[in-house]
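Report on the following structure.
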Amino acid sequence: MGKTIVEKILSNHSGRDVKSGDFVVSNIDHVMAGDAKGPKAIDIMNQNNLKFNLEPHKTDLIIDHFVPVQSTHWANDHKKLRDFSLDKGINLFDAGSGVCHTIVTEDGKIVPGGLAIGGDSHVCTYGALNCVAVAVESIEIASVYNTGKLWFRVPETIRVNFEGKIPLGVYSKDFVLFLANKLGENGANYQCIEYTGDAISSLSMDARFTISNMSVDMGAKTGIMESDQKTINWMNDFNANLNSVKSDADAKFSREVIIDVSELTPLLAEPPAVHNICAVTDSEKKRIDQAFIGTCTNGRLEDLEIAAKILKGRKINPRVRFYIAPSSRKILQNAIENGVIKTLVDAGATILASACGPCASMNGNGLLGDGDRAISSANRNFPGRLGSKKSEIFLSSPATVAASALLGEITDPREFLS
Amino acid sequence: MQRNPRIFRFGDNVSTDVHLSSKYRPVGTTLEDLKECAFSDIYPEFSSLVQGGDFLVAGKNFGLVSSRQDSAVVLRELGISCVLAKSFGHMFYRNALNSGLPLIICDTELILDDELLEIDLKKGEVKFKNEVLKFSPYPESILKMIKAGGLIPFIKKNGSYPLD
Ligand code: SF4
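Protein chains in written order, with the numbering used here: chain U, 1 to 418; chain D, 1001 to 1164.
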């Protein structure tokens, strides 16, 4: 019986031959601990006298959710991470370095065929690099710091084939929103989603991360892609050891879905949920008050470049607060060098710190008031995700966000792209 | 007064947000506060009725959505001996076992509200009246972890994981 990618990677990391449904204890290649779950993991280690036994290069500490920090509680937590980093010799990405999943995938430690955990739901972003990444809690981080291993229940896999030529104005965000709708709310619960097909091959790495990132928003435990020449080019910057893993031809999938992307148009996830999808043209002309491009989903260089292309030489509607948080400092630097930041600022955008920013309520950045409507390149839009429960968040590709900021209402980006 | 263990019934898609209701705060909520507000949005009497040894029996996707370790810890602290559902949210599943709260995946529609359940985690059996429901049993290491009270007590006791 053939195996799926996730069955193979969990087998390789445990020295056992496992299949979906089995429990396995696997060696962990990388642990990401951010400012939301990291401080509690350190507390748990201290309270239980657990020693830090992991090789320090196998973990990174990251300050990204509460940046710039807005309360002394989180400021003290940040201090805890900095002290731990110094004490154990662990690398710390401090405030302004970027969003955890973006900087970790830019840093060369996440490799094809690898197994990683992270203290944040969207760690599945690494899947675009052919790495199985699973979101965990503070106690699991503490336990891996102590033992280097973690138990898993091997998930089944849904294989999604994206085929066809990508139409103008359609981006990887539109692929994944369409899929979220097709699978339905939590349609992938406790499963791995494997993304494949010629439309995936034609995407850049930046665009692929958007898709793997949102696996968790369909309920999946993780998402994965095969690696190809583009993955290798990405990894070559780091001299990494490549061990790409593919599903066998006779692997068993719980479901196979085929999506013809040539039929797609720009899409929106309307509140209150990610799977609540409509065509941009069906919601056009709805007033918007805030627009945001950033996050681990869609704050990469290519996303900023697409926005700049639409906004070059134009001014956004002055009624709109338009925030941009480049997803890492490296992306910010590149976007300064190639003139994209100037174009965006000239158009009326406000550049925020490379951090989570107005993605979620917790850091208090760019919150929405009662009745406010936002369009965002992020991944979640439940009521209260960003401030008032009486506000609305529409999710879309960065192109649709930029076009909507321009006119101050939900706008089809294709008008500006010919 | 101690009564026989009873069943608390829940439907499909009960999210971890509902487990702890809107009273949940990321900072400064104690375990005692959380115990009082367990399920208070959908089942206000729950925390006053529940006793040690009771069972939760639910439909699909119990414990969906966000990763809240606390929602599993609270159920364990309230003395819930086991949660049975058709399926679980993946983060809740991990959090529960890591907190020493056993979960069972089975066809919960076959269980009536007034059954007396007998559960054998090792054999993978739920017994009631004359019925026996089978579920896929946990391996030895996971059972040991549950018995130890969760992941941290388990590795403290054993140093690491036995591979089985
Ligand atoms: S950008 Fe948003 S979704 Fe991504 S890690 Fe930060 S808060 Fe989470």
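From the three backbone atoms N, C-alpha and C, an ideal C-beta is built for every residue, glycine too.
Report task. Could you tell me which chain U residues have their CB closer than 8 angstroms to the CB of Ile1155(D), listed as they occur along the chain? Result -> The count along the second sequence starts at 1 and reaches residue 1155(D) at position 155. The contacting residues are Leu50, Ser143, Asn146 and Thr147.
Requested in this report: Provide the residue span of the alpha helix (DSSP H) that contains Phe84(U), from first to last.
Outcome: Residue 84(U) sits at position 84 when you count from the first residue of the first sequence. Secondary structure note for Phe84(U): its alpha helix (DSSP H) is the uninterrupted segment Thr72 to Lys88.
Query - Ser1022(D) burial status per 10 Å Cβ neighbour count (16 or more: buried) - result: Position 22 of the second sequence holds residue 1022(D). Here Ser1022(D) scores only 47 on pLDDT, less than 50, and its place in the model should not be relied on; the value that follows carries that caveat. Exposed: under 16 other Cβ atoms inside 10 Å.
Query - Span separating the alpha-carbon of Asp1114(D) from that of Pro1005(D) - result: Translated into the one-based positions of the second sequence, residue 1114(D) becomes position 114. Translated into the one-based positions of the second sequence, residue 1005(D) becomes position 5. So the alpha carbons of these two residues sit roughly 10 angstroms apart.
Requested in this report: Compare the Cα-Cα distances from Thr1029(D) to each of Asp1070(D), Leu1056(D) and Gly1079(D) and report the closest residue.
Outcome: Residue mapping note: residue 1029(D) aligns to position 29 of the second sequence, counting from 1. Answer by Cα proximity: Asp1070(D).
Query - Inside the segment 285-360 of chain U only - beta strand (DSSP E) runs reaching at least 3 residues - result: 290-293 and 321-324
Query raised in the report: Given that a residue counts as buried once 16 or more other Cβ atoms are within 10 Å of its Cβ, and exposed if not, what is Asn233(U)?
Result: To locate residue 233(U), count along the first sequence from 1; it is residue 233. So Asn233(U) counts as exposed.
Query raised in the report: In chain U, which residues lie less than 8 angstroms from Ile1152(D) when you measure between Cβ atoms?
Result: Within the second sequence, numbered from 1, the residue matching residue 1152(D) stands at position 152. Those within 8 angstroms of Ile1152(D) in chain U are Ile44, Asn48, Leu50, Ile139, Ala142 and Ser143.
Query - Ser85(U) to Val99(U) span [Cα, whole Å] - result: Numbered from 1 along the first sequence, position 85 holds the residue referred to as residue 85(U). Numbered from 1 along the first sequence, position 99 holds the residue referred to as residue 99(U). Their backbone Cα atoms lie some 18 angstroms apart in a straight line.
**Report entry** Coarse secondary structure for Ser201(U), derived from DSSP in three states
**Finding:** Locating residue 201(U) in the first sequence gives position 201, counting from the first residue. In this structure, Ser201(U) counts as helix in the three-state DSSP scheme.
**Report entry** Residue span of the beta strand (DSSP E) that contains Asp1012(D), given as start and end
**Finding:** Your numbering for residue 1012(D) matches position 12 in the second sequence. Segment: none, Asp1012(D) is in no beta strand (DSSP E) and carries neither H nor E.
Requested in this report: Kindly give me the distance between the Cβ atoms of Lys1127(D) and Glu1118(D), rounded to whole angstroms, as I take these residues to be in contact under 8 angstroms.
Outcome: By 1-based counting over the second sequence, the position of residue 1127(D) is 127. By 1-based counting over the second sequence, the position of residue 1118(D) is 118. The Cβ separation is near 4 angstroms, so the contact holds.
Query raised in the report: With 9 angstroms set as the bound, which would you pick, yes or no: does the beta-carbon of Ser1021(D) sit closer than that to a beta-carbon of chain U?
Result: In the second sequence, counting from the first residue as 1, residue 1021(D) sits at position 21. Because Ser1021(D) sits at a pLDDT of 48, beneath the cut-off of 50, its placement in the model cannot be relied upon, and the following sentence gives the value as read from the coordinates. False, the Cβ-Cβ gap to chain U never drops below 9 angstroms.
Query raised in the report: Taking DSSP as the reference, what is the three-state secondary structure of Gln191(U)?
Result: Along the first sequence, read from residue 1 onward, the residue named residue 191(U) stands at position 191. Looking at Gln191(U) - three-state DSSP - the assignment turns out to be strand.
Query raised in the report: From the beta carbon of Trp234(U), is the nearest beta carbon of chain D less than 9 angstroms away?
Result: As a first step, residue 234(U) must be located in the first sequence, where it is residue number 234. The C-beta of Trp234(U) comes no closer than 9 angstroms to any C-beta of chain D.
Query raised in the report: Mind pulling the alpha helix (DSSP H) runs of 4 or more residues that sit fully within the segment 117-199 of chain U?
Result: 138-147 and 172-183
**Report entry** Cross-strand partners of Met225(U) (DSSP beta bridge)
**Finding:** Within the first sequence, the letter at position 225 stands for residue 225(U). Note: Met225(U) sits in a beta bridge opposite Tyr195(U).
Query raised in the report: Is there a Cβ from chain D that is less than 9 angstroms from the Cβ of Gly357(U)?
Result: Taking the first residue of the first sequence as position 1, residue 357(U) is located at position 357. Not one chain D Cβ lies under 9 angstroms of Gly357(U).
Query raised in the report: Taking only beta-carbon atoms, is Gly1149(D) less than 9 angstroms away from chain U?
Result: As a position in the second sequence, residue 1149(D) is number 149, starting the count at 1. No - not a single Cβ of chain U is within 9 angstroms of the one on Gly1149(D).
**Report entry** Span separating the alpha-carbon of Asn1013(D) from that of Phe1088(D)
**Finding:** Position 13 of the second sequence holds residue 1013(D). Position 88 of the second sequence holds residue 1088(D). If you take the alpha carbons of Asn1013(D) and Phe1088(D), they lie about 9 angstroms apart.
Report task. Could you check what DSSP says for Arg1006(D) in three-state terms: helix, strand or coil? Result -> Here residue 1006(D) is taken as the residue at index 6 of the second sequence, counted from 1. Coil, per DSSP.
Query - Limits of the unbroken beta strand (DSSP E) element including Gly34(U) - result: Indexing the first sequence from 1 puts residue 34(U) at position 34. Start and end: His30 to Gly34.
Requested in this report: Determine, using beta carbons only, whether Asp220(U) comes closer than 9 angstroms to chain D.
Outcome: On the first sequence, position 220 is the one that residue 220(U) refers to. Per the sequence shown, residue 220(U) should be read as Ala rather than Asp. For Ala220(U), the answer is yes, since a Cβ of chain D falls inside 9 angstroms of its Cβ.
Query raised in the report: What three-state label does DSSP hand Asn236(U) in the structure shown?
Result: Indexing the first sequence from 1 puts residue 236(U) at position 236. Helix, per DSSP.
Query - As assigned by DSSP and simplified to three states, the class of Asn1158(D) - result: In the second sequence, counting from the first residue as 1, residue 1158(D) sits at position 158. The DSSP-derived three-state label of Asn1158(D) is helix.
Query raised in the report: Leaving out five residues before and five after Lys390(U) in sequence, what residues of the same chain have Cβ atoms less than 7 angstroms from its Cβ?
Result: Translated into positions along the first sequence, residue 390(U) becomes position 390. Here the set comprises Asp370 and Gly371.
Query raised in the report: Cα separation between Thr105(U) and Gly357(U)?
Result: Stepping through the first sequence from its first residue, residue 105(U) is reached at position 105. Stepping through the first sequence from its first residue, residue 357(U) is reached at position 357. Looking at the two C-alpha atoms, the distance is approximately 19 angstroms.
Report task. Take Val1083(D) and list the residues in its own chain whose beta-carbon comes closer than 6 angstroms to its own, dropping the five residues that flank it on each side. Result -> Numbered from its first residue, the second sequence carries residue 1083(D) at position 83. Correct list, in chain order: Leu1056 and Leu1103.
Query raised in the report: How do the segment 176-195 of chain U and the segment 301-309 of chain U stand: do at least 3 beta-carbon pairs fall below 8 angstroms, yes or no?
Result: no
Query raised in the report: Quick one: does Pro155(U) have its CB under 9 angstroms from some CB of chain D?
Result: Counting from one through the first sequence, the residue named residue 155(U) turns up at place 155. Yes, because at least one Cβ of chain D sits closer than 9 angstroms to the Cβ of Pro155(U).
Requested in this report: Give a yes or no on whether 9 angstroms exceeds the smallest Cβ distance from Asn317(U) to chain D.
Outcome: As a working note, residue 317(U) is residue 317 in the first sequence. Output row for Asn317(U): interface = no.
Report task. Check each candidate in Ser397(U), Ile5(U) and Ile393(U) and name the one with the smallest Cα separation from Gln191(U). Result -> Numbered from its first residue, the first sequence carries residue 191(U) at position 191. Gln191(U) has its Cα closest to that of Ile5(U), out of Ser397(U), Ile5(U) and Ile393(U).
Query raised in the report: Do you know how far the Cα of Leu1116(D) is from the Cα of Gly1124(D)?
Result: Translated into positions along the second sequence, residue 1124(D) becomes position 124. Translated into positions along the second sequence, residue 1116(D) becomes position 116. Cα to Cα, Gly1124(D) sits roughly 17 angstroms from Leu1116(D).
Query raised in the report: What residue does the beta strand (DSSP E) around Thr59(U) start on, and which one ends it?
Result: Numbered from 1 along the first sequence, position 59 holds the residue referred to as residue 59(U). First-last of the beta strand (DSSP E) with Thr59(U): Thr59 to Ile62.
Query - Three-state class that DSSP yields for Lys1127(D) in the structure shown - result: Numbered from 1 along the second sequence, position 127 holds the residue referred to as residue 1127(D). Strand.
Requested in this report: Using DSSP bridges, identify the partner residues of Glu392(U).
Outcome: Here residue 392(U) corresponds to residue number 392 of the first sequence, with the count starting at 1. Residue pairing by DSSP puts Glu392(U) in a beta bridge opposite Arg373(U).
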